[in-house]
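Numbering (my numbering), first residue to last: 81 to 303. Even for Gly, the Cβ is constructed at its ideal location relative to N, Cα and C. Reviewing the structure listed below.
This is the structure:
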(Lines of atoms letter the chains of each structure in order from A and count residues from 1; the text may use other names and numbers.)
(Lines give C-alpha, C1' and ligand atoms only; values in the text may rest on other atoms or scores of the structure.)
Protein backbone atom coordinates (compact mmCIF):
# COMPACT_ATOMS: atom_id res chain seq x y z
CA UNK A 1 0.00 0.00 0.00
CA UNK A 2 1.39 3.36 -1.05
CA UNK A 3 1.89 6.05 1.59
CA UNK A 4 -0.45 9.05 0.99
CA UNK A 5 1.40 12.13 -0.28
CA UNK A 6 0.13 15.61 0.50
CA UNK A 7 0.24 18.15 -2.32
CA UNK A 8 -0.56 21.87 -2.46
CA UNK A 9 -3.37 23.27 -4.61
CA UNK A 10 -3.21 26.66 -6.30
CA UNK A 11 -5.48 28.03 -3.55
CA UNK A 12 -2.93 26.97 -0.91
CA UNK A 13 -5.11 24.14 0.35
CA UNK A 14 -3.32 20.87 1.15
CA UNK A 15 -4.88 17.70 -0.22
CA UNK A 16 -3.82 14.08 -0.66
CA UNK A 17 -2.60 13.27 -4.19
CA UNK A 18 -5.31 11.27 -5.97
CA UNK A 19 -3.99 9.17 -8.83
CA UNK A 20 -7.54 8.62 -10.12
CA UNK A 21 -7.99 12.36 -10.71
CA UNK A 22 -4.82 12.45 -12.78
CA UNK A 23 -5.87 9.33 -14.69
CA UNK A 24 -9.34 10.73 -15.43
CA UNK A 25 -7.99 14.10 -16.59
CA UNK A 26 -5.67 12.33 -19.03
CA UNK A 27 -8.52 10.15 -20.20
CA UNK A 28 -10.68 13.22 -20.86
CA UNK A 29 -7.86 14.53 -23.05
CA UNK A 30 -8.34 11.39 -25.18
CA UNK A 31 -4.96 9.90 -24.24
CA UNK A 32 -4.63 6.16 -24.87
CA UNK A 33 -4.64 3.78 -21.89
CA UNK A 34 -1.01 2.75 -22.45
CA UNK A 35 0.07 6.40 -22.55
CA UNK A 36 -1.97 7.14 -19.42
CA UNK A 37 -0.34 4.33 -17.47
CA UNK A 38 3.12 5.43 -18.64
CA UNK A 39 2.51 9.05 -17.56
CA UNK A 40 0.90 8.11 -14.24
CA UNK A 41 3.85 5.84 -13.45
CA UNK A 42 6.38 8.58 -14.22
CA UNK A 43 4.45 11.20 -12.21
CA UNK A 44 4.19 8.85 -9.23
CA UNK A 45 7.95 8.23 -9.34
CA UNK A 46 8.73 11.98 -9.20
CA UNK A 47 6.04 13.30 -6.85
CA UNK A 48 7.07 14.41 -3.37
CA UNK A 49 5.48 15.77 -0.19
CA UNK A 50 4.39 19.40 -0.63
CA UNK A 51 4.62 19.38 -4.43
CA UNK A 52 2.22 21.84 -6.08
CA UNK A 53 -0.61 20.75 -8.37
CA UNK A 54 0.69 23.13 -11.05
CA UNK A 55 4.08 21.36 -10.96
CA UNK A 56 2.33 17.98 -11.28
CA UNK A 57 0.30 19.32 -14.20
CA UNK A 58 3.46 20.57 -15.94
CA UNK A 59 5.15 17.18 -15.60
CA UNK A 60 2.05 15.38 -16.94
CA UNK A 61 1.62 17.90 -19.76
CA UNK A 62 5.27 17.66 -20.86
CA UNK A 63 5.02 13.87 -20.92
CA UNK A 64 1.70 13.93 -22.78
CA UNK A 65 3.14 16.34 -25.33
CA UNK A 66 5.95 13.84 -25.94
CA UNK A 67 3.46 11.04 -26.61
CA UNK A 68 0.56 12.89 -28.26
CA UNK A 69 0.42 16.56 -29.24
CA UNK A 70 -3.33 16.39 -29.97
CA UNK A 71 -4.12 15.05 -26.48
CA UNK A 72 -1.70 17.57 -24.98
CA UNK A 73 -3.57 20.48 -26.59
CA UNK A 74 -6.83 19.22 -25.08
CA UNK A 75 -5.16 18.75 -21.69
CA UNK A 76 -3.78 22.28 -21.80
CA UNK A 77 -7.16 23.82 -22.65
CA UNK A 78 -8.56 23.52 -19.14
CA UNK A 79 -5.49 25.09 -17.55
CA UNK A 80 -5.68 27.90 -20.11
CA UNK A 81 -9.12 28.74 -18.73
CA UNK A 82 -7.54 29.35 -15.31
CA UNK A 83 -4.91 31.71 -16.71
CA UNK A 84 -7.38 34.34 -17.94
CA UNK A 85 -6.67 36.80 -15.14
CA UNK A 86 -8.06 37.42 -11.65
CA UNK A 87 -10.62 39.98 -12.83
CA UNK A 88 -12.33 37.37 -14.97
CA UNK A 89 -12.87 39.93 -17.75
CA UNK A 90 -10.87 37.94 -20.32
CA UNK A 91 -13.18 35.00 -19.52
CA UNK A 92 -16.16 37.19 -20.45
CA UNK A 93 -14.43 38.02 -23.73
CA UNK A 94 -13.81 34.33 -24.37
CA UNK A 95 -17.51 33.54 -23.78
CA UNK A 96 -18.49 36.40 -26.11
CA UNK A 97 -16.11 35.11 -28.77
CA UNK A 98 -17.38 31.56 -28.35
CA UNK A 99 -21.03 32.59 -28.73
CA UNK A 100 -20.15 34.78 -31.73
CA UNK A 101 -18.58 31.70 -33.33
CA UNK A 102 -21.88 29.89 -32.69
CA UNK A 103 -23.80 32.51 -34.69
CA UNK A 104 -24.73 35.08 -32.05
CA UNK A 105 -24.06 38.80 -32.25
CA UNK A 106 -22.46 39.64 -28.91
CA UNK A 107 -21.60 42.55 -26.60
CA UNK A 108 -19.38 42.28 -23.52
CA UNK A 109 -19.68 44.31 -20.31
CA UNK A 110 -22.90 46.23 -21.00
CA UNK A 111 -24.88 48.33 -18.50
CA UNK A 112 -28.59 47.54 -18.90
CA UNK A 113 -31.52 49.22 -17.20
CA UNK A 114 -33.72 46.84 -15.22
CA UNK A 115 -37.20 47.49 -13.93
CA UNK A 116 -35.82 48.49 -10.51
CA UNK A 117 -32.09 49.16 -10.95
CA UNK A 118 -29.41 49.05 -13.64
CA UNK A 119 -27.17 45.99 -14.03
CA UNK A 120 -23.84 45.25 -15.67
CA UNK A 121 -24.32 42.25 -17.94
CA UNK A 122 -21.15 40.30 -18.76
CA UNK A 123 -22.31 39.08 -22.18
CA UNK A 124 -25.40 39.95 -24.21
CA UNK A 125 -25.94 37.57 -27.14
CA UNK A 126 -28.58 37.75 -29.88
CA UNK A 127 -29.50 35.21 -32.54
CA UNK A 128 -32.76 35.24 -34.49
CA UNK A 129 -35.48 35.95 -31.90
CA UNK A 130 -33.39 34.81 -28.92
CA UNK A 131 -31.85 37.40 -26.61
CA UNK A 132 -29.46 36.07 -23.91
CA UNK A 133 -28.16 37.80 -20.79
CA UNK A 134 -25.10 35.86 -19.56
CA UNK A 135 -23.30 36.15 -16.22
CA UNK A 136 -19.69 34.84 -16.32
CA UNK A 137 -18.30 33.37 -13.11
CA UNK A 138 -14.52 33.00 -13.25
CA UNK A 139 -12.59 31.10 -10.55
CA UNK A 140 -8.80 30.81 -10.46
CA UNK A 141 -9.08 27.70 -8.26
CA UNK A 142 -10.20 24.55 -10.10
CA UNK A 143 -11.62 23.17 -6.85
CA UNK A 144 -14.06 26.04 -6.39
CA UNK A 145 -17.55 25.17 -7.63
CA UNK A 146 -20.54 27.44 -8.37
CA UNK A 147 -23.17 26.61 -5.77
CA UNK A 148 -26.93 27.24 -5.94
CA UNK A 149 -26.53 30.83 -4.67
CA UNK A 150 -25.02 31.85 -8.03
CA UNK A 151 -27.96 30.90 -10.32
CA UNK A 152 -30.40 32.20 -7.67
CA UNK A 153 -28.66 35.59 -7.74
CA UNK A 154 -28.31 35.60 -11.54
CA UNK A 155 -31.98 34.72 -12.03
CA UNK A 156 -33.14 37.56 -9.77
CA UNK A 157 -31.06 40.03 -11.81
CA UNK A 158 -32.31 38.53 -15.07
CA UNK A 159 -35.97 38.84 -14.02
CA UNK A 160 -35.46 42.53 -13.22
CA UNK A 161 -33.80 43.12 -16.62
CA UNK A 162 -36.35 41.01 -18.48
CA UNK A 163 -39.29 42.94 -17.02
CA UNK A 164 -37.88 46.20 -18.41
CA UNK A 165 -36.79 44.55 -21.68
CA UNK A 166 -40.32 43.28 -22.35
CA UNK A 167 -41.70 46.82 -22.15
CA UNK A 168 -39.94 47.69 -25.41
CA UNK A 169 -42.17 47.20 -28.47
CA UNK A 170 -39.20 46.11 -30.58
CA UNK A 171 -38.86 43.03 -28.35
CA UNK A 172 -42.41 41.76 -28.84
CA UNK A 173 -42.41 38.09 -29.86
CA UNK A 174 -38.75 37.63 -28.89
CA UNK A 175 -37.48 35.17 -26.31
CA UNK A 176 -35.20 36.30 -23.51
CA UNK A 177 -32.96 33.95 -21.54
CA UNK A 178 -30.69 34.40 -18.54
CA UNK A 179 -27.59 32.30 -18.11
CA UNK A 180 -24.49 31.44 -16.09
CA UNK A 181 -21.16 30.39 -17.62
CA UNK A 182 -18.30 29.28 -15.38
CA UNK A 183 -14.80 27.97 -16.01
CA UNK A 184 -15.15 25.47 -13.14
CA UNK A 185 -18.19 23.31 -12.30
CA UNK A 186 -21.66 23.59 -10.80
CA UNK A 187 -22.90 21.81 -7.69
CA UNK A 188 -25.84 19.45 -8.31
CA UNK A 189 -28.35 21.81 -6.67
CA UNK A 190 -27.07 24.68 -8.85
CA UNK A 191 -27.79 22.71 -12.05
CA UNK A 192 -31.12 21.54 -10.63
CA UNK A 193 -32.19 25.12 -9.92
CA UNK A 194 -30.82 26.37 -13.25
CA UNK A 195 -32.83 23.79 -15.19
CA UNK A 196 -35.98 24.54 -13.20
CA UNK A 197 -35.59 28.31 -13.72
CA UNK A 198 -34.84 27.91 -17.44
CA UNK A 199 -31.33 29.40 -17.22
CA UNK A 200 -28.63 28.68 -19.80
CA UNK A 201 -25.98 26.88 -17.75
CA UNK A 202 -22.50 26.10 -19.05
CA UNK A 203 -19.42 24.88 -17.20
CA UNK A 204 -16.24 23.01 -18.08
CA UNK A 205 -18.19 19.75 -18.47
CA UNK A 206 -21.87 20.78 -18.36
CA UNK A 207 -24.11 20.08 -20.20
CA UNK A 208 -22.60 16.64 -20.67
CA UNK A 209 -21.05 16.38 -24.13
CA UNK A 210 -21.58 20.08 -24.83
CA UNK A 211 -19.72 21.85 -22.03
CA UNK A 212 -17.13 24.59 -22.52
CA UNK A 213 -14.44 21.99 -23.18
CA UNK A 214 -16.25 20.59 -26.23
CA UNK A 215 -17.56 23.94 -27.45
CA UNK A 216 -14.18 25.69 -27.28
CA UNK A 217 -12.50 22.69 -28.86
CA UNK A 218 -14.95 22.81 -31.80
CA UNK A 219 -14.70 26.58 -32.23
CA UNK A 220 -10.92 26.90 -31.96
CA UNK A 221 -11.45 30.07 -29.90
CA UNK A 222 -8.19 29.64 -27.99
CA UNK A 223 -6.09 29.23 -31.17
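Exercise. Roughly how many angstroms separate the alpha carbons of residue 297 and residue 176, rounded to a whole number?
Worked result: 15 Å
Exercise. CB-CB under 7 Å to residue 119, same chain, minus the five flanking residues each way: which ones, in chain order?
Worked result: 106, 140, 143 and 144
For this session: Determine the burial state of residue 293: buried for a count of at least 16 other Cβ atoms within 10 Å of its Cβ, exposed for fewer.
Result: buried
For this session: In angstroms with no decimal places, state the Cα-to-Cα distance between residue 210 and residue 99.
Result: 44 Å
Problem set entry | Per-residue burial, residue 202 [other beta carbons within 10 Å of its own, 16 or more giving buried] | buried
For this session: List the DSSP bridge partners of residue 200.
Result: 191
Exercise. Looking at C-beta atoms only, is the number of pairs between the region 260–270 and the region 219–239 that lie closer than 8 Å three or more?
Worked result: yes
For this session: Would you list, in sequence order, the uninterrupted beta strand (DSSP E) runs of no fewer than 3 residues that lie entirely inside the region 203–258?
Result: 210–217
Exercise. Going by C-alpha distance, which of 200, 197, 208 and 199 is nearest residue 183?
Worked result: 208
Problem set entry | residue 288 burial status per 10 Å Cβ neighbour count (16 or more: buried) | exposed
Exercise. Which value, in whole angstroms, describes the spacing of the CA atoms of residue 218 and residue 101?
Worked result: 22 Å
Exercise. Should residue 123 go down as buried or exposed, given a rule of 16 or more other Cβ atoms within 10 Å for buried?
Worked result: buried
For this session: Under the assumption that residue 240 contacts residue 199 (Cβ atoms under 8 Å), give the Cβ distance between them as a whole number of angstroms.
Result: 7 Å
Exercise. Going along the chain, which residues of its own chain have a beta-carbon closer than 6 Å to the beta-carbon of residue 304, five neighbours each way excluded?
Worked result: Absent from the model: residue 304. The displayed extent of the chain is 81 to 303, so no value can be given.
Problem set entry | Classification of residue 94 by the beta-carbon crowding that lies within 10 angstroms, buried from 16 upward | exposed
For this session: Could you tell me the distance, in whole angstroms, from the CA atom of residue 324 to the CA atom of residue 278?
Result: The question about residue 324 has no answer, for the chain in this structure spans 81 to 303.
Exercise. If residue 220 and residue 90 are in contact, beta carbons under 8 Å, what's the gap, nearest whole angstrom?
Worked result: 7 Å
Exercise. How big is the Cα-Cα spacing for residue 134 and residue 248?
Worked result: 50 Å
For this session: With distances taken Cα to Cα, identify the nearest neighbour of residue 47 among 179, 242, 235 and 185.
Result: There is simply no residue 47 to check, as the chain begins at 81 and stops at 303 in what is shown.
Problem set entry | Segment limits, beta strand (DSSP E) that includes residue 87 | 86–88
For this session: Confirm, please, whether the CB-CB distance from residue 212 to residue 172 is below 8 Å.
Result: no
Exercise. What residues are listed by DSSP as bridge partners for residue 178?
Worked result: Bridge partners of residue 178: none, in fact.
Exercise. Can you list, in chain order, the residues of its chain whose CB lies under 7 Å from that of residue 254, leaving out five sequence neighbours each side?
Worked result: 209 and 211
Exercise. From this set, 205, 179, 259 and 194, which residue's C-alpha is nearest residue 305's C-alpha?
Worked result: With the chain covering only 81 through 303, there is no way to say anything about residue 305.
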